[in-house]
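According to full-length UniProt numbering, the sequence shown is numbered sequentially starting from 1.
Think of the CB as a built atom: it goes at the ideal place given N, C-alpha and C, for glycine as much as any other residue.
Structure record follows, encoded as C-alpha cells.
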Amino acid sequence: MNPLVTRTPDPDAPVPAAPFDAPAASYDDLVARVLDGEFGPAPRSHRISVAFSTRQAVRHDGRGGGYRNEVLSLRLAAAVGSCAVEPGELPDAAVEDCVGADLAHLLEHELRPVRVAALDAYLMHVRPHTPANGARPWSLPAGSSLRKSRARARAVTALVDAPPGARVLVVGVVNSLLEALRERGMPYVPCDLKGGTTEWGEPVRTDALAEAERCDAVLASGMTLGNGSFEPLREHARRHGKPLVMFAQTGSAVLPRFLGSGVSAVCAEPYPFFWLDGGPGLIHRYGTTAPGAAR
C-alpha cells in the first residue's frame, strides 16, 4: 500500500468494540449512554435508509395450532434492527415515520416498538454480532420451518444453566422451546400475554412477574423489550440471582448489553429470521461456556 495515499473513513463502517463495555444498568441507562455517544458516533448523525414490516403466519407440520408474527425492522447501513409487535397493532404510518429519520429522533419516538428497533439498529451497527464483541456463532441447518425451529430451540435451551429439576419460567410461548425443555427433563411454566394453552394442553399463564416468584430460572423472548415487561423481569433475576436467558429476534443487539446486569445469556437472531428462509442460517450466542466454533 502506498503510504502517501490516504483513505477517506467510511461513515457506515462498524465502530470497533471497546475492550469492555460496562453492562447497562437499565434500558433507560443504555439509551442515555447511546445518546451520549459512548458506543460510537452520535445517533443524530445516522439516518434510517429503509423501514419495513414483516408479517408471517405459520402452522408447522404435525402441530395442532399455529401463530402469527409481525416485526418492524429498520435498516442502518448494513445493519437491521427489529422489534416484534402484536399482529395488527403497528400503525401503517409508523414505517413512513422512520424512513429518513435520524436515530436520536427515533429513540424518542412515541411508539415503543419504533424506539426498540431504532436502538437495535444502532447497536447492530456499532456492536455487530462478531466474536470480537462476544458473540459465538451457531449454525442452523437448512430444512423445513419445524426443523429449523427445533434446531434453534436446542441452541437456546442449552443456555439455561440450572440444576436438574429446576423450574423454568418461559415468557413468550414457543412450542419448540417447551419441547426442548421437556427433552432435558426440565419442568416449566409457560407464560404469554395471549394466554391459551400449549401444544400439550398446558394452561398458559399471563402474569410473568407473579410466576417468576415460584421459578428457578427465566427463559424470555426479546418481545419483552417491545411490551415493556423486560425491565421487571431483569430486576427480578438480578435481585434473586436467577438465570435469565433471552432469545432475541427483537433487540438481538440490545440484550447482550445487559449481560452481567441481570441477564446471564442471550441467543441473538438478527434479521432475516429462521422462518423466512429454508436455507442454512446462523444465530449468535452470548454468555455461554460452549465452544465458540459454529455448529
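To the nearest angstrom, how far is the alpha carbon of residue i from that of residue j?
i	j	result
ALA42	ALA22	18 Å
GLU213	ALA77	42 Å
THR54	GLU89	13 Å
ALA220	THR157	11 Å
PHE130	GLY287	A small correction: the amino acid at residue 130 is Thr; Phe does not occupy that position in the sequence shown. If I take the Cα positions, the gap works out to 13 Å.
VAL170	GLY279	28 Å
ALA118	GLY251	9 Å
ARG285	ALA93	34 Å
HIS46	LEU103	6 Å
LEU178	TYR188	8 Å
LYS207	GLU110	With the sequence shown as reference, residue 207 is identified as Asp, and Lys is not the correct amino acid for it. Spanning the two alpha carbons is a distance of roughly 25 Å.
GLU183	GLY143	21 Å
ASN133	PHE52	27 Å
VAL99	GLU199	40 Å
TYR122	MET186	36 Å
VAL50	PRO163	45 Å
Measure how close the beta-carbons of residue i and residue j come, nearest whole angstrom, since I'm counting them as under 8 Å.
i	j	result
ARG127	PHE39	7 Å
GLY165	MET124	Going by Cβ atoms, the distance from GLY165 to MET124 rounds to 38 Å, so no, they are not a contact pair.
VAL245	VAL160	5 Å
ALA84	GLU70	7 Å
LYS148	PHE274	4 Å
Going by DSSP, which residues form a beta bridge with residue i?
i	result
ASP207	Its beta-bridge partners do not exist; DSSP assigns none.
PHE247	SER221, CYS267
ALA101	Its beta-bridge partners do not exist; DSSP assigns none.
TYR286	VAL266
SER73	PHE52, SER82
ALA57	ARG68
PRO190	VAL170
TRP138	ILE283
LEU259	VAL263
Any beta carbon of chain C sitting closer than 8 Å to that of residue i?
i	result
THR130	Here chain C cannot be found, since the structure has a single protein chain.
I'd like the list of long-range same chain contacts for residue i, defined as Cβ closer than 6 Å, with 5 residues on each side in sequence excluded.
i	result
CYS68	Just to set this straight, residue 68 is Arg in the shown sequence, not Cys. Closer than 6 Å at the Cβ level, and outside the excluded window around ARG68, lie ALA57, PRO87.
LEU30	ALA24, ARG257
PRO270	SER252
Under 7 Å Cβ to Cβ from residue i, same chain only, skipping five residues before and after it: list those, please.
i	result
ARG154	ALA180
SER229	ALA208
SER261	PRO23, ALA24, ALA25, ARG238
Identify, in the order they occur along the chain, each residue of the same chain with its Cβ nearer than 8 Å to the Cβ of residue i, setting aside the five sequence neighbours on each side.
i	result
LEU282	PRO137, TRP138, SER139, LEU140, ALA294
GLU211	LEU169, VAL189, CYS191, ARG205
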